[in-house]
Amino acid sequence: MASCSTIGRTIATLGCTALFALVPFDGELRAQTPSPSAATAEATRLLADGDTAGARRTLETSLSEQPADLDARRLLARLLYHAGDVDSARAVYDAGLALHPQSWSLRLDLGRLLVETNARRDARAVLDPLTEIPAARAEAESLLGTLAYWSGDFTTARARFAAALDADPSQVDARRQLTDIEAASRPWITVGAQFRRDDQPITSGAGELEAGWYATPLWTVSARVRPARHAPERGAAATLASAEVGMAHYAPRLRVETEVAVGALQRSFGAASDWTGRAALGVRLPGHVTARVSGVRAPYLYTLASLLTPVVTETVTGALRLDHPRGWLGEAAVQRERYPDANVVSTGYAWLLAPMVRARRGDLQLGYSVAAQDARETRFVAGSSGTPGQGGPPSGDAGGRYAPYFTPEQLRTQSVIMAGVLRPSARVELRLGGSYAIAASDEAPVFVASPGIPPLSPVLTFVPRSFTPWDVRAGLSTAISPALGLTLTA
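End of the sequence shown sits at 490 in this note's numbering; the numbers just go up one at a time, nothing left out.
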């Protein structure tokens, strides 16, 4: 996403002491206010000394006596905005426009505030007329392009940025964001690999190849293939290959995003062939939040028994996602996963990442996550684990296994999470992410052998257990050409 526009970013970086330097005394304002007023000069001195409250009092007093002082008004409005008082800043701008309705510089200032506070409709109403004024056109088009970019309307954003550069080729923000759009909407190839070992015991390896392109900046077409091999400690390995094609679209006027994909898979066990699918519908809400509902049909391959008896799950998820241009990311979701035997696993989770470092060469985000998961019925059964390819009933001992799939019991986790991006050059990007649980527990099922002559059947009971899950992810992306990128993930 784009960063904030020039004024907001500069204020956040330099602080109050640089506010006066941000006020451009352009020719239009000189005609209306011949020179900086004594109040503006005094407020500037107070800001340099770090006396923000004194500067504000000075400007407010001056404007009560000389409301037509545009320099003082603009400095006060920016000071209020920097202090977080957006409503008061808007009131100062509105009062100034009532006195000087032809001041396009004041309108640009107000438009910038409205863009940065995501007041989309008001921003367009203020900025659209300025695109007809030659002196204001470049910056107005750039701000409108930023607004469209943050809204996900790449088509409009690209046209706006191009118009801004046509009016003024020195528009740095417009050029940078236009480059970002071109990079984000170029065709891509992703090559990935995954390795996993767990206590079933199963060792799994999978590769993934995905390719896609943008039919338009709002229409995406993709294709993916994924061969996988799952090898138990004893017995024959199981293989599964899947392929999928999908499309995604965003309608900026409705603020609705849709996604659909269908695929096929081929197994080396059970029913040889099957189908997969996924669909999603999202609505982008104010505040850079998206409400999204999705459904997925996919194979389950995480237990030994699932390598003998094919298991396909149907999952429905409802989520709220935060993707703020200032670097805040988050999600809260509830999920219902249905299995072929009508059993259901319910999940709820939430996580939030906060921006810690934002720089040209890299970003760092740190955060926290919580999750809870529970199954309606357990699928932990008595007997030894067995292995695919050997068949036969369980041995009947007091051990146990999940068959044919894992069912969590009162699973709860709290984790610290991180995400980072390193940009060693303009063409290379390394992404890192991971989590580490600071608290994780569940109710572990165990079978207890019952004494007696003859021995009674083992009794299922649940025992509190604590553990420490973690994960690490990495991806390396490079631009092969201006129109093609390659990504390696692990």
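A virtual CB, placed ideally from N, CA and C, is assigned to each residue, including glycine.
Membership of L218 in any alpha helix (DSSP H) is not indicated, and neither H nor E is assigned to it by DSSP.
The alpha carbon of A135 has as its nearest neighbour, out of A444, R376, G84 and S105, the alpha carbon of S105. In the displayed model, F154 falls within a helix according to three-state DSSP. Residue burial annotation: F380 is buried, with at least 16 other C-beta atoms found within 10 angstroms of its C-beta. With contact defined as three or more Cβ pairs closer than 8 Å, the stretch 412-421 and the stretch 356-370 are in contact. W275: member of the beta strand (DSSP E) spanning S273 to L285, first to last residue. In the DSSP annotation of this structure, the continuous segment of the beta strand (DSSP E) that includes E337 starts and ends at L329 to R338.
Pairing L322 with L353, the inter-Cα distance amounts to about 10 Å. For the pair A138 and A162, the CB atoms are not nearer than the 8 Å cut-off. If you ignore the 5 residues before and after Y93, its C-beta comes within less than 6 Å of the C-beta of A77 and L110, all in its own chain and listed in chain order. The C-alpha of Y436 lies about 58 Å from the C-alpha of A68. With respect to P408, V357 sits apart: the two C-beta atoms are not nearer than 8 Å. Closest in C-alpha terms to A332, from the list G348, V311 and P169, comes G348. Distance between L46 and R56, taken at the CA atoms: about 9 Å.
R267 carries a strand assignment under DSSP once its states are collapsed to helix, strand and coil.
Residue pairing of G362 in beta bridges, as defined by DSSP: A359 and L422.
DSSP lists F380 as the bridge partner or partners of Y402. For S346, the three-state secondary structure derived from DSSP is strand.
Secondary structure at S64: helix, using DSSP grouped into helix, strand and coil. L79 sits in a helix when the DSSP states are folded into three classes. Straight across, the Cα-Cα distance linking T258 with L114 is about 28 Å. Proximity to V416 across E377, A350, A53 and P464 peaks at A350, based on C-alpha coordinates. Per the C-alpha coordinates, the member of Q194, T58, S450 and R112 positioned closest to D471 is Q194.
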